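Quick note: to get the numbering used here, add 602 to the position in the sequence shown (first position is 1). Cβ atoms here follow ideal geometry from the backbone N, Cα and C, with glycine treated the same way. Just so we're clear, the structure is a prediction, and the values are computed from it rather than from any experiment.
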Amino acid sequence: MSTPEQSFGFGQPATAEEIAGWDIDIAADGAGLPPGSGTVAQGKELYDRLGAKCHGAKGEGGEGGPPLVGGIGSLNTDAPLKTVGSYWPHAPVLYDYIHRAMPADKPQSLTPDEVYALCAYLLYLNGIVPEDAVMDATSLPQVVMPNHAGFTSPDPRPDVFNTVAGAAAPVATPTS
């Protein structure tokens, strides 16, 4: 492992500006969301222009793009439909994905306002937010997704704490 003083004779340390260019992820709790906002109406206009060609006119799926709408309640069936509304557990992750990967032919080309607007529209199409919703760094993390509890399960690991009399207490206690 190298230390800050070690050099391998090639390359140079990354600058803060270079690192910032790669630091574009958004956490599930909304940490990292930028300033900006977008409405459902603005999102519809953008979606019609940029998203419908791949994902269908109403998010039902199309040429080259999976469905983004529907499937709520289908995950425990024989034919689960994994969409933004049925599968994704946290709304800020929608922002993260759209920002990094969409549109497929020009990823990372959308402004924060445009990404918020697309989030608002897709959440509206899935019946998660009302038509007058405005998404921003405060409102988006507050959206409760239909599958928000779908990625939790009991800890399958066995209890490994020593229960023999006189054994030292565990350093940490397991969480539920």
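Inset, instruction - May I ask you to list the residues that DSSP assigns as paired with H692? - result: In the sequence shown, the residue the question calls residue 692 occupies position 90. Beta-bridge pairing links H692 to V746.
Inset, instruction - Taking the CB atoms as reference points, tell me whether V745 and L725 lie closer together than 8 Å. - result: Reading the sequence shown from its first residue, position 143 is the one you call residue 745. Reading the sequence shown from its first residue, position 123 is the one you call residue 725. In contact: V745 and L725 (Cβ atoms closer than 8 Å).
Inset, instruction - Output the distance between the C-alpha atoms of E733 and P760, rounded to the nearest integer angstrom. - result: As a working note, residue 733 is residue 131 in the sequence shown. As a working note, residue 760 is residue 158 in the sequence shown. Between E733 and P760, the C-alpha separation is close to 48 Å.
Legend entry - Selected residue, minimal CA-CA separation from Y718, among G729, S741, S676: Walking along the sequence shown from the start, residue 718 turns up at place 116. Ranked by Cα distance from Y718, the options G729, S741, S676 are led by S741.
Legend entry - Buried/exposed call for K708, threshold 16 Cβ in 10 Å: In the sequence shown, counting from the first residue as 1, residue 708 sits at position 106. Around the beta carbon of K708, fewer than 16 other beta carbons lie within 10 angstroms, which makes this residue exposed.
Legend entry - E716 versus G672 - alpha carbon distance: Position 114 of the sequence shown holds residue 716. Position 70 of the sequence shown holds residue 672. If I take the Cα positions, the gap works out to 23 Å.
Legend entry - Check whether P645 and K655 have beta carbons under 8 Å apart: Counting from 1 along the sequence shown, the entry for residue 645 is found at position 43. Counting from 1 along the sequence shown, the entry for residue 655 is found at position 53. Just to set this straight, residue 645 is Gly in the shown sequence, not Pro. Their beta carbons are not under 8 Å apart, which means G645 does not touch K655 by this criterion.
Legend entry - Given P669 as reference, the closest of G611, E619, G687 once Cα atoms are compared: Your numbering for residue 669 matches position 67 in the sequence shown. The candidate whose alpha carbon is nearest that of P669 is G687.
Inset, instruction - Can you say whether T713 is buried or exposed, counting buried as having 16 or more other CB atoms within 10 angstroms of its CB? - result: Indexing the sequence shown from 1 puts residue 713 at position 111. Looking at its Cβ environment, which holds fewer than 16 other Cβ atoms inside 10 Å, T713 is exposed.
Legend entry - For D738, the residue or residues it bridges with in DSSP: The count along the sequence shown starts at 1 and reaches residue 738 at position 136. Looking at the DSSP assignment, D738 forms a beta bridge with S639.
Legend entry - Run of the alpha helix (DSSP H) containing L725, from where it starts to where it stops: Locating residue 725 in the sequence shown gives position 123, where the first residue counts as 1. L725 -> alpha helix (DSSP H) spans 714 to 727.
Legend entry - Opening and closing residue of the alpha helix (DSSP H) in which E620 lies: For the purposes of this step, residue 620 is taken as the residue at position 18 of the sequence shown. Counting along the chain, the alpha helix (DSSP H) containing E620 begins and ends at 618 to 624.
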